[in-house]
Amino acid sequence: MMTKSEEEEQNMLNDQTEALNLSQTDEEHGGEESGPEEEDNGAVEYPGTVLPDPHPQSIENDADLAAEYPSDSEYLDLIHLKITSLEDLNLSRFKKLESLCLRQNLITSIGAVADLPVETMEELDFYDNRINHISSKVNQLVNLKNLDFSFNNIKNIKNIDKLVNLENLYFVQNKIREIKGIETLQKLRNLELGGNKIEEINEVLLKLPSIEQLWLGKNRIAKFQNLDNLVNLRVLSIQSNRITKLEGLDKLVNLEELYVSHNGIEKIENLDKNTNLTVLDVTSNRIEKLENLSHLKKLTDFWCSYNKISSFEEVHKELGGLPELDTVYFEGNPLHTSNPTAYRRKLRLNLGSSITKIDATYHNIKMFRYVPFLADDPFFDNFFGWERPERQRRPRRTINYDDDTGERQLAGRNTFPSFPQTVSKWYDDFGHLKDLTDVLKMKEEPDKYLVKVRDANASTKDLQVNYHKKENQLEVTISHNQESSEGSHSYTSQSVSTSRVGFDKAVDYEKITADVGPEGVIITVPKTVRDEENVFKIDVGNAKKIEGDKESQSA
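All residue numbers for the sequence shown refer to full-length UniProt numbering, where the first residue is 1 and numbers rise by one.
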């Protein structure tokens with residue numbers, strides 16, 4: 001029996017031998033696997049990383065890159081720095097390190113992860129490098145929760161079986177043919193294997209009942225199978241595969257999102273038990289008839305673009321009675337292409353007023369849930385509280401859109417639904433995207449209300465404004481000195497309460513101002529008052545709100 005030191009030496013030798021063999025094999029085949037060229041199945045290709053070089057001048061030693069971080073750092077982010085080797089980073093000096101991010105570098109060997117602190121390490125990110133072999137040293141980091149090997153050249157999942165605390169595992173866009181080596185990861189919640197060469201869902205997944213999200217887009221899978229034990233599964237994505245039939249999903253009673261776009265599915269069926277579905281994406285299949293959907297009472301989003309649907313009666317029968325449905329995609333179907341002019345009107349008639357979005361067009365800006373163009377903008381992301389997949393500490397993937405066409409440029413996780421090829425009717429409702437952005441950004445500004453002078457002939461330059469506290473109200477008195485034979489005459493807004501701004505509770509009235517504007521008196525309520533103090537319940541009587549919803553009657 002080998003001692004521990006002998007076993008480590010043997011593992012190191014095995015790592016070096018396998019890495020050398022893999023490198024030689026790739027060189028012999030010109031960096032690509034032999035065999036016939038695969039036909040494109042319609043999936044979005046990853047165009048490669050194109051980022052500005054933050055260090056245009058050459059760096060003689062990789063160690064200089066990590067030197068700026070203090071030794072007690074908990075997070076180390078070394079992104080897009082042309083790092084080729086971990087050994088020179090002197091990782092052993094970071095005794096409290098919890099997260100190491102080495103995205104978008106040129107790393108091929110990762111044996112130096114042995115220098116990382118086992119007790120504290122929870123996240124290891126090698127997204128977009130040149131790794132073709134997982135070192136056995138990775139198995140030492142038993143407290144890891146997040147591990148990302150996406151966009152590398154890995155052919156086999158191995159040397160991670162001891163990472164029993166792992167919750168999120170990413171192997172997107174590699175060369176993996178078989179799901180294996182993860183049976184022991186009983187805490188795994190999110191598994192991403194999109195963009196590989198996997199041909200079947202094997203029995204390994206039967207041993208992982210804790211999985212909540214399973215992403216298998218752009219593989220070679222032809223059949224749903226071995227999913228029965230995934231009773232906690234909420235999200236299942238098998239986009240861009242070779243699926244021809246919806247089946248084997250009856251045990252997934254907690255499934256909320258199902259993405260099966262870009263396959264060969266001919267019929268919507270076998271979803272009787274999946275009553276918790278909120279999102280169903282069947283874009284770009286061969287479906288001719290809408291059926292077996294009327295029982296999905298929680299469905300909010302249904303994407304069915306580029307199929308063979310032709311009947312509005314089926315739309316009404318299957319979707320018209322769904323109380324939560326607010327987003328549908330049907331472009332590219334005969335019911336769209338046969339009469340594009342009447343298409344949206346007929347959909348609204350058959351689906352009801354609850355629909356807020358048809359294809360790429362929003363029909364009620366006050367009710368929309370998710371604007372893909374603005375999703376990655378920090379302000380809009382926080383202000384509207386998009387209903388979108390849960391974010392990690394660091395965003396894992398980005399989906400970019402061309403502002404003019406809405407065409408998707410990059411899709412790593414297929415996290416969001418298949419977006420239409422063009423935003424054909426965007427201009428009809430909102431004009432250019434910039435106009436929509438400007439409208440929404442008004443929400444960041446203070447709210448302003450206009451109290452107009454009763455005498456239409458009064459000049460605002462002669463107005464005098466006074467305001468004072470009165471319980472939970474701000475009372476504004478507007479005076480206008482008019483030269484007349486009768487002397488000065490005052491105009492006030494005490495009737496119909498147009499001069500009073502009421503709040504839910506006492507506030508700092510010093511933050512609220514009333515000034516003379518071009519048409520009357522403008523009352524300004526700063527953002528700090530309405531947001532931080534939670535008092536934005538205002539009764540301004542007949543005053544007009546002029547910021548945001550310009551010149552509309554205040555509610």
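For glycine and all other residues, C-beta sits at the position ideal for the given N, C-alpha and C.
Looking only at Lys96, Leu91, Ile131, the smallest Cα-Cα distance to Ser73 is reached by Lys96. Counting along the chain, Thr275 sits inside no beta strand (DSSP E), nor does DSSP assign it H or E at all.
Along the segment 226-255, the beta strand (DSSP E) occurs as fully enclosed runs of 3 or more residues at 235-237, listed in sequence order. Nearest in C-alpha terms to Tyr259, of all of Glu288, Leu296, Asp301, is Asp301.
Bounds of any beta strand (DSSP E) do not take in Asp64; it lies within the alpha helix (DSSP H) bounded by 63-67.
At the C-beta level, Lys197 and Arg177 come within 8 Å of one another. Sequence-distant partners of Tyr75 (beyond 5 residues in either direction) whose C-beta falls short of 7 Å from its own C-beta, in its chain, are Glu98, Ser99. In the DSSP assignment, Thr327 falls outside any alpha helix (DSSP H) and lies within the beta strand (DSSP E) extending over 327-329.
Contact between Asn143 and Glu122 is confirmed by a C-beta separation of about 6 Å, below the 8 Å threshold. With respect to the 8 Å criterion, Lys137 and Leu166 are not classified as neighbours on the basis of their beta carbons.
A Cβ-Cβ separation of about 6 Å places Leu227 in contact with Gly248 under the 8 Å criterion. Residue pairing of Glu123 in beta bridges, as defined by DSSP: Ser99, Asn146. Taking all protein chains in view, the Cβ of Asn132 is crowded by 16 or more other Cβ atoms within 10 Å, so the residue is classified as buried. Sixteen is the threshold: when 16 or more other Cβ atoms of the shown chains lie within 10 Å of the Cβ of Leu322, as they do, the residue is buried. Considering only Phe151, Gly181, Ile182, the residue with the shortest C-alpha distance to Lys175 is Phe151. In the DSSP assignment, Glu192 forms a beta bridge with Tyr170, Trp215. DSSP lists no beta-bridge partner residue for Glu314.
Sequence-distant Cβ neighbours of Glu314 in its own chain, meaning closer than 6 Å and more than five residues away, are Leu290. The residue among Ile182, Ile309, Asn202, Lys357 with its C-alpha nearest the C-alpha of Glu266 is Ile309. Under the three-state reduction of DSSP, Glu203 is assigned to helix. A distance of 8 Å or more separates the beta carbons of Ser237 and His262. Here the C-alpha atom of Phe94 lies approximately 12 Å from the C-alpha atom of Glu68.
Secondary structure note for Leu349: it is in no beta strand (DSSP E), and the uninterrupted alpha helix (DSSP H) holding it is 340-351. When rounded, the separation of the alpha-carbon atoms in Arg345 and Asn202 is 46 Å.
Between the alpha carbons of Cys304 and Arg234 lies a distance of about 20 Å. About 4 Å separates the Cβ atoms of Gln213 and Asn190, confirming a contact at the 8 Å cut-off. Taking the Cβ atoms as the reference, Cys101 lies roughly 6 Å from Ile79, within the contact range of under 8 Å.
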